[in-house]
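Colleague: With the numbering used here, you'll find the sequence shown wraps up at 59, consecutive numbering, no jumps.
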Amino acid sequence: MISLIPRAAGIYVLVLLVEAPLKIHVGSLGYITITRGKYVYLGSARGPGGLLARINRH
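1. Rounded to the nearest angstrom, what separates residue 26 and residue 37 at their Cα positions?
2. Which value, in whole angstroms, describes the spacing of the CA atoms of residue 43 and residue 12?
3. Quick one, which of 15, 34, 9 has its alpha-carbon nearest residue 21's?
4. Would you kindly work out how many angstroms separate the C-alpha atoms of residue 5 and residue 41, rounded to a whole number?
5. Could you check whether residue 54 and residue 10 sit closer than 8 Å to each other, using their CB atoms as the reference points?
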C-alpha cells in the first residue's frame with residue numbers, strides 16, 4: 002500500500018483512535034497524556050521526498 006503514495010508535494014490526513022490514555026513525549030512540551038478518543042491531524046509535505054517521506058516519518 003505504501004508504494005501507492007507519491008513522492009510529490011501534497012497534504013495528508015492522519016486519523017488516530019486512542020483506546021486508552023497514552024503518555025507520549027512531544028518535543029519541547031515534554032511528556033503529555035492523550036485521553037481516549039478520536040484525533041485528526043492535517044499536515045503538508047513540501048520537502049524532499051514529498052508525501053512518501055512525510056508519511057513514512059509518522
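Cβ coordinates follow ideal geometry from the N, Cα and C atoms, glycine included.
All values derive from a computational prediction rather than experimental measurement.
Modeller: Let me spell this out:
1. Numbered from its first residue, the sequence shown carries residue 26 at position 25. Numbered from its first residue, the sequence shown carries residue 37 at position 36. Approximately 17 Å, taken between the alpha carbons.
2. Within the sequence shown, numbered from 1, the residue matching residue 43 stands at position 42. Within the sequence shown, numbered from 1, the residue matching residue 12 stands at position 11. One C-alpha to the other measures close to 7 Å.
3. Mapped onto the sequence shown, residue 21 falls at position 20. Checked all of 15, 34, 9; the closest Cα to residue 21 is 34.
4. Against the sequence shown, residue 5 aligns to sequence position 4. Against the sequence shown, residue 41 aligns to sequence position 40. Residue 5 and residue 41 have their C-alpha atoms spaced approximately 22 Å apart.
5. Mapped onto the sequence shown, residue 10 falls at position 9. Mapped onto the sequence shown, residue 54 falls at position 53. Cβ distance not < 8 Å, so residue 10 and residue 54 don't count as in contact.
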